[in-house]
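Just below is one structure, and these are the notes that go with it.
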Amino acid sequence: MTADLPVAAGGLRLARDAEALGMHSRFVTARDSRQLIPVRRGAYLPREELAKMSAVARYRANALAAAAQRRRPIFAGFTAAVFWGLPVLDAIPNDIFLLAQSASGRRRNAVVEFSRRDAVEIVEHNGLIMTSLPDTLVDVARTLPFAAALCMVDAALHTPRFGAAVALCTRAELLSAFERRLPFSGSRRVRVVLERCSHLADSPLETLSRVQLEDLGFPEPVLQLPVQLPRAGRIVWLDFAWPEYGVWGEADGDGKYLGNAVSGGDTRPAAHIVVEEKKRENAVRAATRWNCGRWDWREARESALLRAILREAGLPVTRRPWRTQ
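The UniProt record's numbering applies: residue 1 is where the sequence shown begins, and numbers increase by one.
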(Lines of atoms letter the chains of each structure in order from A and count residues from 1; the text may use other names and numbers.)
(Lines give C-alpha, C1' and ligand atoms only; values in the text may rest on other atoms or scores of the structure.)
Protein backbone atom coordinates (compact mmCIF):
# COMPACT_ATOMS: atom_id res chain seq x y z
CA MET A 1 0.00 0.00 0.00
CA THR A 2 2.93 2.37 0.63
CA ALA A 3 4.60 1.68 -2.71
CA ASP A 4 2.27 3.99 -4.64
CA LEU A 5 2.66 6.92 -2.26
CA PRO A 6 4.94 9.81 -3.31
CA VAL A 7 8.50 9.50 -2.01
CA ALA A 8 10.43 12.52 -0.75
CA ALA A 9 14.13 12.89 0.10
CA GLY A 10 15.48 10.08 2.24
CA GLY A 11 12.57 7.80 1.35
CA LEU A 12 10.14 9.82 3.46
CA ARG A 13 6.41 9.76 2.79
CA LEU A 14 5.01 13.21 3.50
CA ALA A 15 1.36 13.72 4.32
CA ARG A 16 1.28 17.00 2.39
CA ASP A 17 2.55 15.32 -0.80
CA ALA A 18 -0.13 12.65 -0.60
CA GLU A 19 -2.76 15.34 -0.02
CA ALA A 20 -1.56 17.30 -3.06
CA LEU A 21 -1.92 14.22 -5.28
CA GLY A 22 -5.35 13.27 -4.00
CA MET A 23 -4.04 10.25 -2.09
CA HIS A 24 -5.06 11.36 1.39
CA SER A 25 -7.31 8.40 2.14
CA ARG A 26 -4.68 5.89 1.00
CA PHE A 27 -2.09 7.65 3.13
CA VAL A 28 -4.36 7.61 6.21
CA THR A 29 -5.09 3.90 5.72
CA ALA A 30 -1.37 3.09 5.57
CA ARG A 31 -0.71 5.23 8.62
CA ASP A 32 -3.55 3.80 10.71
CA SER A 33 -2.56 0.24 9.83
CA ARG A 34 1.00 0.99 10.98
CA GLN A 35 2.44 0.34 7.56
CA LEU A 36 3.78 3.88 7.86
CA ILE A 37 5.69 4.81 11.02
CA PRO A 38 5.99 8.47 12.01
CA VAL A 39 9.45 10.01 11.97
CA ARG A 40 8.26 13.52 12.70
CA ARG A 41 4.91 15.24 12.38
CA GLY A 42 3.69 14.80 8.81
CA ALA A 43 6.68 12.64 7.80
CA TYR A 44 6.67 8.83 7.77
CA LEU A 45 8.71 5.83 6.68
CA PRO A 46 7.45 2.37 5.66
CA ARG A 47 7.78 -0.05 8.56
CA GLU A 48 9.96 -2.47 6.55
CA GLU A 49 12.40 0.25 5.51
CA LEU A 50 12.66 1.69 9.01
CA ALA A 51 13.43 -1.75 10.49
CA LYS A 52 16.44 -2.12 8.20
CA MET A 53 17.92 1.30 8.90
CA SER A 54 20.99 1.88 11.01
CA ALA A 55 20.85 4.43 13.80
CA VAL A 56 22.69 6.92 11.60
CA ALA A 57 20.28 6.36 8.70
CA ARG A 58 17.36 6.97 11.04
CA TYR A 59 18.99 10.17 12.22
CA ARG A 60 19.38 11.33 8.61
CA ALA A 61 15.71 10.59 7.96
CA ASN A 62 14.75 12.55 11.08
CA ALA A 63 16.88 15.48 9.91
CA LEU A 64 15.27 15.44 6.46
CA ALA A 65 11.84 15.29 8.07
CA ALA A 66 12.69 18.37 10.16
CA ALA A 67 13.98 20.10 7.05
CA ALA A 68 10.73 19.35 5.21
CA GLN A 69 8.93 21.55 7.76
CA ARG A 70 11.07 24.59 6.88
CA ARG A 71 11.37 26.85 3.88
CA ARG A 72 15.18 26.89 3.50
CA PRO A 73 16.87 24.71 6.11
CA ILE A 74 20.63 24.90 6.51
CA PHE A 75 22.14 21.88 8.25
CA ALA A 76 24.92 22.61 10.74
CA GLY A 77 27.01 21.03 13.48
CA PHE A 78 26.57 17.31 14.13
CA THR A 79 23.75 17.02 11.59
CA ALA A 80 25.85 18.53 8.82
CA ALA A 81 28.74 16.23 9.82
CA VAL A 82 26.50 13.19 9.35
CA PHE A 83 25.50 14.42 5.88
CA TRP A 84 29.17 14.99 5.09
CA GLY A 85 29.63 11.26 5.77
CA LEU A 86 31.82 11.55 8.87
CA PRO A 87 32.00 8.69 11.41
CA VAL A 88 29.93 8.74 14.58
CA LEU A 89 31.79 7.54 17.66
CA ASP A 90 29.31 8.01 20.49
CA ALA A 91 25.56 7.87 20.95
CA ILE A 92 23.56 9.81 18.39
CA PRO A 93 21.83 12.87 19.85
CA ASN A 94 18.09 13.39 19.65
CA ASP A 95 18.47 16.95 18.41
CA ILE A 96 18.70 18.10 14.80
CA PHE A 97 21.07 21.04 14.26
CA LEU A 98 20.37 23.84 11.82
CA LEU A 99 21.73 27.31 11.17
CA ALA A 100 19.23 29.94 12.28
CA GLN A 101 17.86 32.40 9.75
CA SER A 102 18.53 35.24 12.19
CA ALA A 103 21.29 36.35 14.57
CA SER A 104 19.71 34.54 17.52
CA GLY A 105 19.47 30.81 18.06
CA ARG A 106 16.77 28.71 19.64
CA ARG A 107 15.74 25.16 20.57
CA ARG A 108 12.26 23.83 19.77
CA ASN A 109 10.81 20.36 19.17
CA ALA A 110 14.27 18.73 19.31
CA VAL A 111 15.63 21.14 16.69
CA VAL A 112 18.55 23.34 17.72
CA GLU A 113 19.24 26.41 15.59
CA PHE A 114 22.72 27.90 15.88
CA SER A 115 22.84 31.68 15.86
CA ARG A 116 23.71 32.99 12.41
CA ARG A 117 27.25 34.31 11.86
CA ASP A 118 28.35 36.02 8.66
CA ALA A 119 31.75 34.29 8.87
CA VAL A 120 30.19 30.84 8.38
CA GLU A 121 30.29 29.56 4.79
CA ILE A 122 27.21 27.87 3.31
CA VAL A 123 27.51 25.28 0.54
CA GLU A 124 25.40 22.74 -1.34
CA HIS A 125 26.38 19.10 -0.87
CA ASN A 126 24.49 16.19 -2.41
CA GLY A 127 21.52 18.45 -3.01
CA LEU A 128 21.38 19.71 0.59
CA ILE A 129 22.27 23.16 1.96
CA MET A 130 24.69 23.03 4.89
CA THR A 131 27.68 24.64 6.50
CA SER A 132 30.96 24.03 4.68
CA LEU A 133 32.98 21.06 5.87
CA PRO A 134 35.63 23.21 7.65
CA ASP A 135 32.90 25.21 9.42
CA THR A 136 31.06 22.01 10.29
CA LEU A 137 34.22 20.61 11.86
CA VAL A 138 34.72 23.78 13.90
CA ASP A 139 31.17 23.42 15.21
CA VAL A 140 31.51 19.75 16.17
CA ALA A 141 34.86 20.48 17.82
CA ARG A 142 33.24 23.10 20.07
CA THR A 143 30.11 21.08 20.91
CA LEU A 144 30.90 17.33 20.91
CA PRO A 145 32.96 15.35 23.42
CA PHE A 146 36.66 15.54 22.59
CA ALA A 147 37.15 12.00 21.22
CA ALA A 148 33.96 12.12 19.12
CA ALA A 149 34.96 15.45 17.60
CA LEU A 150 38.53 14.28 16.96
CA CYS A 151 37.25 11.20 15.12
CA MET A 152 35.30 13.41 12.74
CA VAL A 153 38.20 15.80 12.19
CA ASP A 154 40.68 12.95 11.63
CA ALA A 155 38.30 11.35 9.15
CA ALA A 156 37.98 14.58 7.18
CA LEU A 157 41.76 15.05 7.09
CA HIS A 158 42.53 11.40 6.34
CA THR A 159 44.61 10.88 3.22
CA PRO A 160 44.12 7.39 1.73
CA ARG A 161 47.41 5.58 1.28
CA PHE A 162 46.50 4.05 -2.07
CA GLY A 163 44.41 5.13 -5.05
CA ALA A 164 43.45 8.54 -6.33
CA ALA A 165 41.20 9.55 -3.41
CA VAL A 166 42.09 12.74 -1.58
CA ALA A 167 41.28 14.14 1.84
CA LEU A 168 37.86 15.72 2.29
CA CYS A 169 39.49 18.71 3.98
CA THR A 170 42.99 20.03 4.55
CA ARG A 171 44.45 21.25 7.80
CA ALA A 172 45.00 24.68 6.19
CA GLU A 173 41.29 24.92 5.30
CA LEU A 174 40.31 23.94 8.81
CA LEU A 175 42.66 26.46 10.41
CA SER A 176 41.42 29.15 8.06
CA ALA A 177 37.79 28.52 9.09
CA PHE A 178 38.77 28.58 12.74
CA GLU A 179 40.65 31.87 12.47
CA ARG A 180 37.97 33.47 10.28
CA ARG A 181 35.37 32.93 13.01
CA LEU A 182 37.41 34.17 15.98
CA PRO A 183 36.44 35.21 18.55
CA PHE A 184 33.63 32.78 19.36
CA SER A 185 32.33 30.76 22.29
CA GLY A 186 34.07 27.41 22.63
CA SER A 187 37.15 28.42 20.64
CA ARG A 188 39.48 26.96 23.29
CA ARG A 189 37.87 23.53 22.89
CA VAL A 190 38.29 23.78 19.14
CA ARG A 191 41.95 24.71 19.50
CA VAL A 192 42.59 21.58 21.59
CA VAL A 193 41.12 19.40 18.81
CA LEU A 194 43.15 21.22 16.15
CA GLU A 195 46.34 20.66 18.15
CA ARG A 196 45.76 16.91 18.32
CA CYS A 197 44.15 16.01 14.97
CA SER A 198 46.01 13.89 12.42
CA HIS A 199 45.64 12.86 8.79
CA LEU A 200 47.30 9.52 9.56
CA ALA A 201 44.48 7.75 11.43
CA ASP A 202 43.04 5.01 9.23
CA SER A 203 39.95 4.46 11.38
CA PRO A 204 37.91 5.91 14.24
CA LEU A 205 39.33 3.15 16.45
CA GLU A 206 42.84 4.46 15.81
CA THR A 207 41.72 7.97 16.76
CA LEU A 208 40.06 6.78 19.96
CA SER A 209 43.15 4.71 20.78
CA ARG A 210 45.39 7.74 20.33
CA VAL A 211 43.26 9.69 22.78
CA GLN A 212 43.42 6.88 25.31
CA LEU A 213 47.19 6.49 24.93
CA GLU A 214 47.69 10.14 25.78
CA ASP A 215 45.15 9.87 28.57
CA LEU A 216 47.04 6.95 30.11
CA GLY A 217 50.41 8.68 29.96
CA PHE A 218 52.10 6.37 27.44
CA PRO A 219 54.86 7.79 25.19
CA GLU A 220 53.72 9.53 22.02
CA PRO A 221 53.64 6.88 19.25
CA VAL A 222 54.82 7.05 15.67
CA LEU A 223 51.72 6.67 13.51
CA GLN A 224 51.62 4.45 10.43
CA LEU A 225 55.28 3.49 10.61
CA PRO A 226 56.35 1.64 7.41
CA VAL A 227 58.17 -1.65 7.98
CA GLN A 228 59.81 -3.70 5.22
CA LEU A 229 59.07 -7.43 5.47
CA PRO A 230 61.96 -9.22 3.72
CA ARG A 231 60.24 -12.63 3.82
CA ALA A 232 57.05 -11.30 2.23
CA GLY A 233 58.78 -8.83 -0.04
CA ARG A 234 56.43 -6.00 0.87
CA ILE A 235 55.93 -3.05 3.19
CA VAL A 236 53.33 -2.90 5.96
CA TRP A 237 52.28 0.09 8.04
CA LEU A 238 52.01 -0.23 11.79
CA ASP A 239 49.12 1.61 13.46
CA PHE A 240 51.25 2.67 16.42
CA ALA A 241 54.97 2.17 17.01
CA TRP A 242 57.44 2.97 19.76
CA PRO A 243 60.80 1.98 18.17
CA GLU A 244 62.85 3.15 21.17
CA TYR A 245 60.94 0.71 23.40
CA GLY A 246 60.69 -2.15 20.91
CA VAL A 247 56.86 -2.11 20.95
CA TRP A 248 54.18 -1.65 18.35
CA GLY A 249 50.40 -1.57 18.64
CA GLU A 250 47.58 -2.70 16.39
CA ALA A 251 44.00 -1.45 16.72
CA ASP A 252 41.85 -4.25 15.34
CA GLY A 253 38.63 -2.60 14.22
CA ASP A 254 36.24 -4.05 11.65
CA GLY A 255 36.57 -1.28 9.11
CA LYS A 256 38.23 1.89 7.91
CA TYR A 257 36.80 5.33 7.20
CA LEU A 258 33.82 4.37 5.07
CA GLY A 259 31.31 7.01 6.06
CA ASN A 260 29.09 6.91 9.12
CA ALA A 261 29.91 3.48 10.52
CA VAL A 262 32.72 2.46 12.81
CA SER A 263 32.64 -1.07 11.46
CA GLY A 264 31.74 -3.08 8.41
CA GLY A 265 34.58 -2.32 6.01
CA ASP A 266 36.06 -5.80 5.65
CA THR A 267 33.90 -8.46 4.01
CA ARG A 268 36.36 -11.34 4.38
CA PRO A 269 35.38 -14.32 6.55
CA ALA A 270 36.39 -13.80 10.18
CA ALA A 271 38.58 -16.93 10.25
CA HIS A 272 40.47 -15.73 7.18
CA ILE A 273 41.07 -12.31 8.75
CA VAL A 274 42.44 -13.88 11.95
CA VAL A 275 44.86 -16.10 10.02
CA GLU A 276 46.10 -13.23 7.84
CA GLU A 277 46.58 -10.91 10.81
CA LYS A 278 48.53 -13.61 12.66
CA LYS A 279 50.81 -14.10 9.66
CA ARG A 280 51.33 -10.36 9.43
CA GLU A 281 52.14 -10.09 13.13
CA ASN A 282 54.66 -12.93 12.93
CA ALA A 283 56.31 -11.32 9.90
CA VAL A 284 56.61 -7.94 11.64
CA ARG A 285 57.94 -9.57 14.79
CA ALA A 286 60.59 -11.42 12.75
CA ALA A 287 61.62 -8.22 10.97
CA THR A 288 61.75 -5.94 14.02
CA ARG A 289 62.09 -8.19 17.09
CA TRP A 290 59.48 -5.92 18.72
CA ASN A 291 56.62 -6.91 21.01
CA CYS A 292 53.07 -6.36 19.81
CA GLY A 293 50.09 -5.08 21.77
CA ARG A 294 46.77 -5.72 20.03
CA TRP A 295 43.36 -4.40 21.03
CA ASP A 296 39.81 -3.97 19.77
CA TRP A 297 36.95 -1.54 20.37
CA ARG A 298 36.04 -2.85 23.83
CA GLU A 299 39.63 -2.69 25.06
CA ALA A 300 40.17 0.77 23.58
CA ARG A 301 37.12 2.07 25.45
CA GLU A 302 38.15 0.47 28.76
CA SER A 303 41.38 2.21 29.68
CA ALA A 304 42.38 -0.37 32.29
CA LEU A 305 42.38 -3.11 29.64
CA LEU A 306 44.38 -1.04 27.17
CA ARG A 307 46.89 -0.14 29.86
CA ALA A 308 47.37 -3.81 30.77
CA ILE A 309 47.89 -4.83 27.13
CA LEU A 310 50.61 -2.26 26.49
CA ARG A 311 52.33 -2.69 29.84
CA GLU A 312 52.52 -6.42 29.15
CA ALA A 313 54.12 -5.63 25.78
CA GLY A 314 56.79 -3.67 27.63
CA LEU A 315 55.67 -0.07 27.05
CA PRO A 316 56.34 2.23 30.02
CA VAL A 317 54.26 5.16 31.23
CA THR A 318 56.41 8.24 30.64
CA ARG A 319 53.97 11.15 30.56
CA ARG A 320 51.55 12.63 33.03
CA PRO A 321 48.05 11.47 31.98
CA TRP A 322 46.58 14.21 29.81
CA ARG A 323 43.24 14.71 31.57
CA THR A 324 44.96 15.38 34.90
CA GLN A 325 47.01 18.22 33.46
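C-beta atoms are modelled at their ideal positions from N, C-alpha and C, and glycine is treated no differently.
Alpha-carbon spacing of Ser176 relative to Leu128, whole angstroms: 23 Å
Validate contact between the stretch 132-146 and the stretch 185-192 using beta carbons, cut 8 Å, 3 pairs: In short, these stretches touch, since the Cβ pair count reaches three.
At which residues does the alpha helix (DSSP H) containing Leu137 begin and terminate? 133-143
contact_flag[the stretch 63-83, the stretch 32-44] where n(CB pairs < 8 Å) is 3 or more: The stretch 63-83 vs the stretch 32-44: in contact.
Between which two residues does the alpha helix (DSSP H) holding Arg196 run? It spans 187-196 - the alpha helix (DSSP H) in which Arg196 sits, taken as one unbroken run.
Rounded to a whole number of angstroms, what is the C-alpha to C-alpha distance between Ile96 and Gly10? 15 Å
Once DSSP output is grouped into helix, strand and coil, what is the label at Leu12? coil
Unbroken beta strand (DSSP E) run spanning Phe97, endpoints: 96-99
Mind checking Ser54: buried by the 16 CB within 10 Å criterion, or exposed? exposed
Should the stretch 209-226 be called in touch with the stretch 302-309, which here means at least 3 C-beta pairs below 8 Å? yes
Per-residue burial, Pro183 [other beta carbons within 10 Å of its own, 16 or more giving buried]: exposed
Using alpha carbons as the reference points, say which of Phe218, Lys278, Glu49, Leu223 lies closest to Arg319. It is Phe218.
Extract the residue ranges of the beta strand (DSSP E) inside the stretch 2-48, only unbroken runs of 3 or more that lie entirely within it. 36-40, 43-46
Using the Cα positions of Pro321 and Arg47, report the straight-line distance between them to the nearest angstrom. 48 Å
Helix, strand or coil at Asp239 [DSSP, three-state]: strand
Does Glu113 pass the burial test, meaning 16 or more other C-beta atoms within 10 Å, or should it be called exposed? buried
Is it the case that the stretch 97-108 contacts the stretch 71-82, given that we only count it when at least three CB pairs across the two stretches are under 8 Å? yes
Could you give the distance in angstroms between the alpha-carbon of Asn291 and the alpha-carbon of Leu36? 56 Å
According to DSSP, residues forming a beta bridge with Gly253: Gly253 is not bridged to any residue.
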